[in-house]
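Here is the structure we will look at, set down as structure tokens.
There are 2 protein chains.
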Amino acid sequence: MTTMLDVARRAGVSVKTVSRVINNEPYVQDALRERVKLAARDLGYVPSASARSLRSHRSYQVQLISHIMTTPYVHAIQAGAMQTCQAEGYQLLVAVLPDCDGDPVDMFHQRFERQMAMKKPDGVILVPPFADIDAVGAWFSEQGVAVAKIGTQSTLNSVLSVRIDEFAAARDLTMLLIEQGHRQIGFIRGRENESATEERFRGYRSALDERGVPFKDDLVVPGTFDFASGVDGGMQLLARSKRPTAVFASNDDMAAGVIVAGHRLGLVAPRDFSIVGFDDSAIAEKTWPALTTVRQPVLEFGTVAATELIRSFEAAGRATDSAVRVLDHRLVARDSVAKVP
Amino acid sequence: MTTMLDVARRAGVSVKTVSRVINNEPYVQDALRERVKLAARDLGYVPSASARSLRSHRSYQVQLISHIMTTPYVHAIQAGAMQTCQAEGYQLLVAVLPDCDGDPVDMFHQRFERQMAMKKPDGVILVPPFADIDAVGAWFSEQGVAVAKIGTQSTLNSVLSVRIDEFAAARDLTMLLIEQGHRQIGFIRGRENESATEERFRGYRSALDERGVPFKDDLVVPGTFDFASGVDGGMQLLARSKRPTAVFASNDDMAAGVIVAGHRLGLVAPRDFSIVGFDDSAIAEKTWPALTTVRQPVLEFGTVAATELIRSFEAAGRATDSAVRVLDHRLVARDSVAKVP
DNA sequence: ATCGGATCAGACAACGTTGTCATGTAGAAG
DNA sequence: CTTCTACATGACAACGTTGTCTGATCCGAT
Chain U
1 MTTMLDVARR AGVSVKTVSR VINNEPYVQD ALRERVKLAA RDLGYVPSAS ARSLRSHRSY
61 QVQLISHIMT TPYVHAIQAG AMQTCQAEGY QLLVAVLPDC DGDPVDMFHQ RFERQMAMKK
121 PDGVILVPPF ADIDAVGAWF SEQGVAVAKI GTQSTLNSVL SVRIDEFAAA RDLTMLLIEQ
181 GHRQIGFIRG RENESATEER FRGYRSALDE RGVPFKDDLV VPGTFDFASG VDGGMQLLAR
241 SKRPTAVFAS NDDMAAGVIV AGHRLGLVAP RDFSIVGFDD SAIAEKTWPA LTTVRQPVLE
301 FGTVAATELI RSFEAAGRAT DSAVRVLDHR LVARDSVAKV P
Chain W
1001 MTTMLDVARR AGVSVKTVSR VINNEPYVQD ALRERVKLAA RDLGYVPSAS ARSLRSHRSY
1061 QVQLISHIMT TPYVHAIQAG AMQTCQAEGY QLLVAVLPDC DGDPVDMFHQ RFERQMAMKK
1121 PDGVILVPPF ADIDAVGAWF SEQGVAVAKI GTQSTLNSVL SVRIDEFAAA RDLTMLLIEQ
1181 GHRQIGFIRG RENESATEER FRGYRSALDE RGVPFKDDLV VPGTFDFASG VDGGMQLLAR
1241 SKRPTAVFAS NDDMAAGVIV AGHRLGLVAP RDFSIVGFDD SAIAEKTWPA LTTVRQPVLE
1301 FGTVAATELI RSFEAAGRAT DSAVRVLDHR LVARDSVAKV P
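Line by line, the protein sequences give chains U and W.
Here the first sequence is numbered in my numbering, starting from 1 and rising by one per residue.
Here the second sequence is numbered in my numbering, starting from 1001 and rising by one per residue.
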């Protein structure tokens, strides 16, 4: 293994100068800088991450923390974050905290205290539902770790938040249904205690109100963002004698469930009922009919979060500006919505 | 931050003794061992990963390398591997190598040489298509990194391989179709140059031969394991005047595509044609009809690979036994297959 | 009593980098 | 011509752990 010392000898300078060149520090003359770079390239020198982080107390690692790993939403965020991390010379660590009851903050404390001490990540990316628990973000902040939250409304000081305007998106989507003549629109909620659930519902209600469509309590059923709960919700809504003409499922997986529920009842979308999802995840174009939905730039969530995070501790001296990045959403009209006859 | 020195002082021993206790090395008396453990617990001591790996030349990291991050197959493997790594005190790093032409070995060399030098992972997990390129596995082996390959037939010396018997699984699935009276069975292949593609095809052919069903060349169409290619393949097979009565798609995503292709042609499964997939991935139960398929224990692939990997460098002295782990598959009969009228 | 081996514990150096401080140089200001 | 400042470089220690080596103790066998 070639070390800084080897490079230093080859370039005829001290190790410290090599270090300065490698880390782009000032106070090295251009000619010398070039000589060192050349020597490093010649020898195929690569800095040792462990030595570097041992000495500098920085890990060059970003930790992504999620509840579950097998949802396309989390997956896409991971893909985006990884892309950025790789490009910037950071490493993305992925951790999953499985379900467990009790205080989430305690859980985090217990689970991450050890890891934080071992290998303090420079930053963490939090996705829902953790992003929605202020105390979790606050805890990491206290530990001196930069925090980026994804998809949440809740904004905390000194914490970056990346999301779309879920309210507006849900409102747009509902408007589309109303414009097609629907006035009986069922709604399947997401997991409770997540801001997305509430925002999407607010958007739905707002569109109703705005267009003078009466809101009916019994058209709203609970859900948990997963396929099975979509089937349940779909059965509840579609089995009625006077069933809604359209269903707004709070995400695509649940919307796929509603389609299946329809089939079980002998109903085919969009002939017998219209259905919309949310997220534009992979399944949205794999169902029949393909889902009309609203696209979140999920991959971009990941890249933006990672980029801002890295920027924030790269410029360590500057104050951590708690920014909120609201990215654009986009309505994706496919085949699951039809005009009311 | 509390260090070994703090623990040593508190327990009244030398740092080296603390090190021995922490790493479960022999030659420490039980009483002393307990005293040290107590002191460590009292102080909330956690070893520093960077110092440890700087000195011991081990990273306590396992690297998962995949082609693409957004497939449920890779995802499940990641989830399994992570689970094990977390439990064993290792960290799972995830890297994605996007498409690019040229020699894959060159690509790996270029992309990982730097990372290998910086933070030599103790082991790597390779998934298809990389698992199928012997030279890639060999390269890592040469670098002194333990290698585990997933889902590939190709076995290399001193490399662990975790998979199911794809041939037998495909054979079973085809048998099921034949038993339902199908004799015109279309087949959609996977990506070429992956052993899974060939093995599944071999299984299909073998079942045909065994039951005396004539094999027809024109019933086999190409595919790439993704949804869109399933739609294409489905269109090719089902649009014919004399269409097959069943289709074997080499994975579930493509099978979902065939269902959609059917709809486009006005055909409904399983009434107008039967369809089977492969993998039992998440989408298999989200389609209508739900897919009959064969389940690969993908999550277990991850856990087994990680476990064996860790075991292998934990017992560094022992010879690296190049094992092949063949896990059990299971036929999952859902609703996409019907008897031939 | 003496020896030999197994067991136990500690002193010390080393891993490869970066932070601190000291030193040297050149140009500007007095 | 001196003094000051800004820029350039290097010597050295330190980060927290583990590998190596040496020494001490204990037991049973000579």
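Every residue gets a Cβ at the ideal spot worked out from N, C-alpha and C, and that includes glycine.
DSSP on residue i, reduced to helix/strand/coil?
i: THR293 of chain U; result: strand
i: GLN1091 of chain W; result: strand
i: ARG1325 of chain W; result: strand
i: ARG318 of chain U; result: Annotation note: pLDDT 49 at ARG318 of chain U (below 50); position unreliable, coordinate value reported separately. The answer is coil: DSSP assigns ARG318 of chain U none of H, G, I, E or B.
i: GLN1184 of chain W; result: coil
i: LEU331 of chain U; result: strand
i: SER1281 of chain W; result: coil
i: ILE1022 of chain W; result: helix
i: LEU5 of chain U; result: helix
i: ALA1246 of chain W; result: strand
i: LEU1038 of chain W; result: helix
i: GLY266 of chain U; result: coil
i: ILE1068 of chain W; result: coil
i: GLY234 of chain U; result: helix
i: LYS16 of chain U; result: helix
i: GLN1029 of chain W; result: coil
i: SER312 of chain U; result: helix
i: SER59 of chain U; result: coil
i: ILE1275 of chain W; result: strand
i: VAL304 of chain U; result: helix
i: VAL1124 of chain W; result: strand
i: VAL412 of chain U; result: No statement about residue 412 of chain U is possible, as the shown extent of chain U runs from 1 to 341 and does not include it.
i: VAL145 of chain U; result: coil
i: VAL105 of chain U; result: helix
i: VAL1298 of chain W; result: helix
Please name the residue, chosen from the options, that lies closest to residue i on a Cα-to-Cα basis.
i: PRO1341 of chain W; options: W:HIS1109, W:HIS1182, W:GLN1063 and W:GLY1080; result: W:HIS1182
i: VAL1036 of chain W; options: W:THR1303, W:ALA1051, W:LEU1005 and W:LEU1160; result: W:LEU1005
i: ALA239 of chain U; options: U:SER281, U:ASN157 and U:GLY186; result: U:GLY186
i: GLN78 of chain U; options: U:VAL332, U:VAL213, U:ALA290 and U:THR303; result: U:THR303
i: LEU1327 of chain W; options: W:ALA1169, W:VAL1096 and W:THR1003; result: W:ALA1169
i: ARG1334 of chain W; options: W:LYS1286, W:VAL1324, W:ARG1311 and W:ILE1310; result: W:LYS1286
i: VAL1147 of chain W; options: W:LEU1309, W:VAL1046, W:THR1017 and W:GLU1166; result: W:LEU1309
i: VAL1062 of chain W; options: W:ALA1040, W:ALA1049, W:LEU1093 and W:GLU1088; result: W:LEU1093
i: GLY1234 of chain W; options: W:LYS1016, W:LEU1265 and W:ASP1209; result: W:LEU1265
i: ALA31 of chain U; options: U:TYR45, U:GLY12 and U:SER48; result: U:GLY12
i: SER1274 of chain W; options: W:ALA1282, W:ARG1295, W:LEU1237 and W:PHE1313; result: W:LEU1237
i: PRO351 of chain U; options: U:SER141, U:TYR60, U:ILE188 and U:LEU64; result: Within the shown structure, residues of chain U are numbered from 1 to 341, placing residue 351 of chain U beyond reach of any answer.
i: ALA87 of chain U; options: W:MET1082, W:GLN1086 and W:PHE1112; result: W:PHE1112
i: GLY277 of chain U; options: U:GLN83, U:GLY137, U:ALA40 and U:PHE248; result: U:PHE248
i: MET254 of chain U; options: U:ILE164, U:TYR73, U:PHE225 and U:ASP279; result: U:PHE225
i: TYR1073 of chain W; options: W:ARG1055, W:GLU1210 and W:ALA1284; result: W:ALA1284
i: VAL1096 of chain W; options: U:ALA8, U:GLY89 and U:GLN83; result: U:GLN83
i: VAL294 of chain U; options: U:ASN193, U:ASP252, U:GLY190 and U:THR3; result: U:ASP252
In or out: residue i buried (at least 16 other Cβ within 10 Å) or exposed?
i: PHE1108 of chain W; result: buried
i: ASP1218 of chain W; result: exposed
i: VAL324 of chain U; result: exposed
i: GLU1025 of chain W; result: exposed
i: LYS1149 of chain W; result: buried
i: LYS1120 of chain W; result: buried
i: LEU1038 of chain W; result: exposed
i: HIS1075 of chain W; result: buried
i: HIS1057 of chain W; result: exposed
i: ASP209 of chain U; result: exposed
i: GLY137 of chain U; result: buried
i: TYR90 of chain U; result: buried
i: GLU192 of chain U; result: exposed
Since I believe residue j is in contact with residue i (beta carbons under 8 Å), could you give me their beta-carbon distance rounded to a whole number of angstroms?
i: ARG1010 of chain W; j: LEU1043 of chain W; result: 6 Å
i: SER195 of chain U; j: THR155 of chain U; result: Actually they are not in contact, since the Cβ atoms of SER195 of chain U and THR155 of chain U sit about 10 Å apart, beyond 8 Å.
i: ARG1171 of chain W; j: GLY1203 of chain W; result: 4 Å
i: PRO1270 of chain W; j: VAL1337 of chain W; result: 6 Å
i: PHE215 of chain U; j: ALA256 of chain U; result: 26 Å between Cβ atoms; not a contact.
i: SER53 of chain U; j: SER1050 of chain W; result: 4 Å
i: LEU1299 of chain W; j: LEU1173 of chain W; result: In fact, because the Cβ distance is near 21 Å, the residues do not count as touching under 8 Å.
Kindly examine the ligand MN and report whether one of its heavy atoms sits closer than 7 Å to the Cβ of residue i.
i: VAL304 of chain U; result: Looking for the ligand MN in the displayed structure turns up nothing, as the structure carries no ligands at all.
- prompt: Where in the region 1147 to 1215 of chain W do unbroken runs of the alpha helix (DSSP H), each at least 4 residues long, occur, reported from the N-terminal end onward?
  reply: 1166 to 1179 and 1195 to 1210
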